[in-house]
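Just so you know, my numbering puts 631 at position 628 of the sequence shown, and the rest follows in order with no gaps. What follows is a short report on a single structure.
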Amino acid sequence: MCRMRGFDDFEMDLDREDAIKVVQSAVKAQREILKDANPEKSLNEIPQMWCIYKEVMGYYEGGMPVPDDVTLLWSDDNWGNIRRLPLPHELEREGGAGLYYHFDYVGDPRDYKWLNTVSLQRTYEQLHLAYQRQADKVWILNVGDLKPLELPINYYFDLAYDINRWSYDNIDEWTLLWAEREFGKTESEEIAYLADTFSKYAAWRKFELVDVDTFSILNYNEAEIALAKWAKLEERAEKVNARLPESKRAAFFQMILHPIKAGHVVYQIYINAAKNYLYVEQKRSSSNRMAFSVFDLLKADKQLTDDYHDLLDGKWNHMMDQTHLGYNYWQQPMRDALPPVRLVQDQMDALAGTVGIGIEGSYATVPGDDRYHELGGKALTTLPMDPYGPSTRYVDIFSRERKCSKWELKSEVDYVTITPSSGTVCGTDSADSRAHIHVDWTRAPAGSSQVKVAFSFVPSDKTPRSFGGTHEGHMGLYVPLNNTKIPTDYKDGFIESDRHVSIEAEHYSKNTSSDEAHYVTIPNFGHTLSGVTLYPVLAGLQHAPSSPYLEYDIYTFSPTTLANITVYTAPSLNFNGEGRPLKYAIAVDDETPKIVQVVPSSEYGQLPEGWEEAVSNNYWTPSSSHLISPGAHKIKVWAVEPGVVFQKLVVDLGGVRDSYFGPPESRRAGQKKEEEEQDILVPVRLRIPNREGQGIPERDGARHGNNQDETTSDSTTTPNLGEKKGTPKSHGIFQTLRGSLRLDQKIFKGATLV
């Protein structure tokens with residue numbers, strides 16, 4: 004049996020009651036055919052399954068009966084998030100349950116069919132959940148094209164064959180062993196790092212969903228850091244390629260180097276197009292150079308495709324022909340196309356002056372009059388600076404003429420310096436200048452203050468000007484300073500900067516447990532550092548405040564009346580049914596815990612409100628409001644349901660700015676300034692396994708995060724969702740991998756591809 008849908012794989016144009024009747028009639032006819040064709044067998048001896056997919060899930064939840072001997076094949080949402088798993092009353096069904104899962108999809112919000120964008124960490128988390136909840140009789144994987152997805156398909160088959168060999172904590176070990184098998188031991192560690200890191204970067208957002216406005220080019224250096232990460236990864240991959248023997252290079256290009264280079268190009272295209280938009284708004288002479296770089300990148304994208312097709316005398320010709328640039332709705336573009344770019348008239352100088360300056364966090368520029376800076380104002384106010392935030396703020400200085408101009412920035416005080424403080428900018432053939440503002444906090448006045456930075460320039464006609472030289476008053480920048488200090492006895496916790504506190508979920512101050520449940524960390528999960536989730540996944544409903552919790556220490560300065568706390572979580576769905584949606588509880592200090600529902604409730608068979616944004620971003624961002632006065636505070640977070648995966652917490656005291664990843668992690672008390680990780684995107688951690696005495700990890704192995712302080716709390720819980728029965732045999736680590744893509748009959752047991 005299959006999905007029992009309408010024509011062309013769409014929902015039948017019937018109301019639910021009539022649709023159920025049609026489906027029941029079809030199933031009855033199919034079962035009669037099976038019985039007639041197998042007269043020597045009873046129906047319960049003939050394997051049958053029913054895919055509870057999309058609207059069919061609504062039929063089932065709405066009361067459609069399914070014969071007890073038929074396997075219920077539960078489905079994900081086509082994006083790797085399981086929609087429903089067996090509930091306690093379904094565990095004794097004779098037919099059992101299975102899972103239909105996707106590594107590739109054609110449909111909303113956009114197709115994803117080009118490259119591997121599968122996170123192995125997320126795959127393990129979801130398949131482990133399915134296995135523990137007894138959706139294990141059959142697994143079917145929709146892979147799309149086999150070639151680009153060789154690595155995650157191998158991983159999927161190993162999980163299907165013996166999931167107990169693997170855990171949250173040894174996914175990097177699997178990748179290392181895969182790399183050693185494919186390319187030999189010499190380069191295996193570096194290749195495993197490349198594969199793991201690509202898996203993380205590609206899962207930030209599927210390439211087909213990247214747009215010009217995805218990553219901020221203004222805030223937190225987000226776009227620049229993302230590009231720098233891709234560039235560094237490509238550099239390392241090229242070095243490995245140069246060291247490999249010729250016999251290994253084709254495979255390395257196809258599985259490692261091409262995806263990295265191609266992914267990097269896509270990011271460059273959209274981020275450079277976003278920069279082009281900014282530059283044109285500011286009338287920079289460099290606008291056209293940025294536009295032309297986007298044109299060149301389109302050619303580079305096609306050249307990578309041709310290089311792939313030319314390998315091995317064209318063995319894989321046309322494999323990479325899939326369009327991937329220029330999406331504007333769910334369907335693939337009929338031809339790759341660039342995002343819009345614009346040009347400025349490079350044969351004229353700007354009316355506002357031949358040199359302009361722009362600041363971090365804003366489209367505004369001076370001199371001039373535009374929608375970002377009214378009435379041709381003569382000064383810009385930079386983002387605030389304090390001892391616990393970024394060490395610098397940047398200022399861009401750019402030409403708006405055809406020739407060259409000299410410029411200078413000069414602070415009115417010696418404890419604020421600018422590097423470089425002077426330079427030259429020219430027309431379209433020269434790069435813009437970027438200066439950084441530094442503060443010596445040991446000499447800056449305590450509390451809040453503001454420093455003036457004067458700006459002057461000498462254009463090509465040699466006439467000195469301060470923004471034209473005709474306006475009275477200060478010309479340049481205002482730099483707000485907040486020289487805040489935490490108490491000397493405050494030894495731990497994250498410190499407010501720029502009116503917010505950002506914390507990676509793994510960096511708790513306290514992690515409590517009970518006899519039934521505790522928290523574990525999933526390394527490299529999600530966008531930034533890791534994920535933290537309640538374990539085991541079969542634990543019952545948790546009741547705050549008596550159940551296990553994570554605690555985070557923070558110190559704030561802003562006199563806000565109400566703060567918003569956003570928790571970044573995995574894009575999971577309410578797989579326990581609408582009666583038990585995914586929730587967490589949160590409290591600041593001694594307040595009563597607030598229950599927050601992560602995933603909105605929805606009608607049977609329908610996806611929840613906000614689903615498209617959640618799967619596009621690869622996270623939910625539920626939030627709650629709390630009273631937070633200046634001083635030290637403790638934030639407690641409880642997972643009410645197993646299956647909620649925390650990634651980061653952001654306390655908004657009025658200063659959080661728009662970005663994709665959210666603010667980078669705040670500074671922690673006791674952390675030296677030079678040790679700060681202002682980089683939003685932390686490196687992938689590769690753990691080299693101990694090869695001596697390799698055994699099979701415990702059934703539910705994971706990295707137990709008992710950081711600093713460990714206590715035990717009693718928990719009142721609902722019944723568990725079902726115990727996994729039986730103990731499977733142990734198998735060699737890669738006993739199945741070499742035959743996996745040949746659909747070896749031994750491996751085919753329990754898993755298949757479509």
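Just so you know, even glycine gets a beta-carbon here, dropped at the ideal spot from N, CA and C.
- Taking a cut-off of 8 Å on C-beta distances, the stretch 101 to 118 touches the stretch 209 to 216, as three or more cross pairs fall below it.
- For Lys637, the uninterrupted beta strand (DSSP E) run begins and ends at 634 to 642, by DSSP.
- Closest option to Glu668, judged by alpha-carbon separation, among Ser122, Tyr391, Ser191, Leu383: Tyr391.
- For Ala438 and Trp410, the gap between their C-alpha atoms comes out near 11 Å.
- According to DSSP, Pro483 shares a beta bridge with Gln453.
- Secondary structure at His261: helix, using DSSP grouped into helix, strand and coil.
- Between the stretch 324 to 341 and the stretch 243 to 252 there are fewer than three inter-stretch CB-CB distances shorter than 8 Å, so the stretches are not counted as touching.
- The beta carbon of Thr357 lies closer than 8 Å to those of Ser402, Arg403, Glu404, Lys406, Ser408, Phe460, Pro462, Ser463 in the same chain, with the five residues before and after it left out.
- Using a Cβ distance threshold of 8 Å, Leu480 and Tyr511 do not count as a contacting pair.
- Here His636 has Asp556, Ile557, Tyr558, Thr559, Val591, Asp592 as same chain residues with Cβ atoms under 8 Å from its own Cβ, once five neighbours each way along the sequence are excluded.
- If you draw a 10 Å sphere on the C-beta of Ala449, you find fewer than 16 other C-beta atoms in it, and that means exposed.
- Remark: fewer than three beta-carbon pairs, one from each stretch, lie closer than 8 Å, so the stretch 612 to 629 and the stretch 480 to 490 are not flagged as touching.
- Taking 8 Å as the cut-off, the Cβ atoms of Ala566 and His629 count as close.
- Out of Glu225, Gly98, Asp216, Pro584, the CA that lies nearest to the CA of Asp71 is found in Gly98.
- For Pro155, the uninterrupted alpha helix (DSSP H) run begins and ends at 153 to 165, by DSSP.
- When the five nearest sequence neighbours on each side are left out, the beta carbons in the same chain lying within less than 6 Å of the beta carbon of Asp389 are those of Asn485, Thr487, Ser500, in order along the chain.
- Rounded to the nearest whole angstrom, the C-alpha separation of Asn514 and Tyr164 is 34 Å.
- Ranking Thr200, Asp310, Asp492, Ile259 by CA distance to the CA of Pro151 puts Ile259 first.
- Counting along the chain, no alpha helix (DSSP H) covers Arg660, and no H or E run does either.
- Secondary structure at Arg292: helix, using DSSP grouped into helix, strand and coil.
- The alpha-carbon of Gly534 is positioned some 15 Å away from that of Asp175.
- Approximately 6 Å separates the beta-carbon atoms of Phe458 and Ile360; this is inside 8 Å, confirming the contact.
- In the DSSP assignment, Glu507 is bridged to Lys651.
- Here Leu149 is exposed, its C-beta having fewer than 16 other C-beta atoms within 10 Å.
- Residue burial annotation: Gly66 is exposed, with fewer than 16 other C-beta atoms found within 10 angstroms of its C-beta.
- Pro633 and Lys381 have their C-alpha atoms some 35 Å from each other.
- Ala182 places its beta carbon less than 8 Å from that of Ala198.
- DSSP places Val344 in the coil class of the three-state scheme, outside both helix and strand.
- Bounds of the beta strand (DSSP E) holding Leu383 are 382 to 384.
- Straight-line spacing of the CA atoms in Val456 and Leu412 works out to 6 Å.
- For Asn567, the enclosing beta strand (DSSP E) stretches over residues 566 to 572.
- Counting only the Cα atoms, Tyr196 lies some 14 Å from Asn173.
- For Leu88, the closest of Ala133, Gly608, Pro342, Leu221 by C-alpha to C-alpha distance is Ala133.
- Every alpha helix (DSSP H) stretch that sits fully inside the stretch 112 to 138 and reaches 4 residues is listed by chain position as 123 to 135.
- When C-beta atoms of the stretch 71 to 80 are compared with those of the stretch 39 to 59, three or more pairs fall below 8 Å, so the two segments count as touching.
- Within the same chain, Ser289, Ser290, Met293 come within 7 Å of Tyr282 by CB-CB distance, once the 5 residues on both sides are set aside.
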